[in-house]
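**Q**
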Amino acid sequence: KLIVIDQNLTWSEALRYCRQNHVDLVSVQSEEMQRRVMNVVKRASTAAVWLGLRHSCTVGLWFWVSGQTVCYQKWAPGNGTGEEECEHTVRSGAVQSGGDQRWISRPETDRLNFICSRY
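As numbered in full-length UniProt numbering, residues 1 to 119 make up the sequence shown, in order.
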């Protein structure tokens with residue numbers, strides 16, 4: 001079950017909120033899960049919504065907070081596939097709440113709605 005939380009939190013705050021109140025920030029491992037995300041994300045009040053997606057500058061990879069590496073991908077053009085800006089901020093992944101609802105790379109300090117998963 002996925003829940004959009006209509007609070008504007010940083011990525012780290014959103015992660016903490018989901019882990020305290022539900023299970024985790026959502027990990028999108030498949031086309032089916034992406035469809036479910038697209039379904040609930042319409043209710044968000046921000047243009048993008050945090051996913052449980054994080055960039056590691058040390059290894060230069062994106063990974064899910066659930067521990068899995070990113071196999072299924074739904075990046076918007078120009079996001080997530082090139083070099084990430086590592087100097088000033090950690091990048092985290094969000095999904096656009098409108099349009100074709102693709103993933104975008106945002107500084108983790110942005111304040112966005114977010115999606116928690118619960119089993």
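Note that beta-carbon positions come from the ideal geometry of N, C-alpha and C, so glycine has one too.
Here the structure is a predicted model, which is why all the values come from computation and not from measurement.
Could you pull out every residue in the same chain whose Cβ sits closer than 6 Å to the Cβ of Arg91, ignoring the five residues on either side in sequence?
**A** The residues are His55, Glu84 and Ser105.
**Q** Does the separation of the CB atoms of Val59 and Leu2 fall below 9 Å?
**A** No; because the gap between Cβ atoms is not below 9 Å, this pair is not in contact.
**Q** Among Glu13, Val49 and Pro107, which one has its Cα closest to the Cα of Glu87?
**A** When each option's Cα is compared against that of Glu87, the closest is Pro107.
**Q** On the DSSP bridge assignment, give the partners of Cys116 in chain order.
**A** For Cys116, which the question treats as bridged, DSSP gives the partners Ile3 and Leu25.
**Q** If you run the structure through DSSP and keep just helix, strand and coil, what is Ser45?
**A** Coil.
**Q** To which residues of the same chain is Asp6 closer than 8 Å at the C-beta, ignoring the five residues directly before and after it?
**A** Excluding positions up to five away in sequence, the list reads Arg43, Ala44, Ser45 and Asn113.
**Q** What three-state label does DSSP hand Val37 in the structure shown?
**A** Three-state DSSP puts Val37 in a helix.
**Q** If you draw a straight line from the C-alpha of His22 to the C-alpha of Val70, how long is it?
**A** Cα to Cα, His22 sits roughly 22 Å from Val70.
**Q** I'd like to know whether the C-beta atoms of Lys74 and Val95 end up nearer to each other than 9 Å.
**A** Against a cut-off of 9 Å, the Cβ pair of Val95 and Lys74 comes out as a contact.
**Q** Using CA coordinates, which residue listed in Ala76, Cys116 and Thr81 is at the minimum distance from Gly98?
**A** Of the listed residues, the one whose Cα sits closest to Gly98 is Ala76.
**Q** Could you please give me the residues that DSSP links to Pro77 through a beta bridge?
**A** DSSP lists no partner for Pro77.
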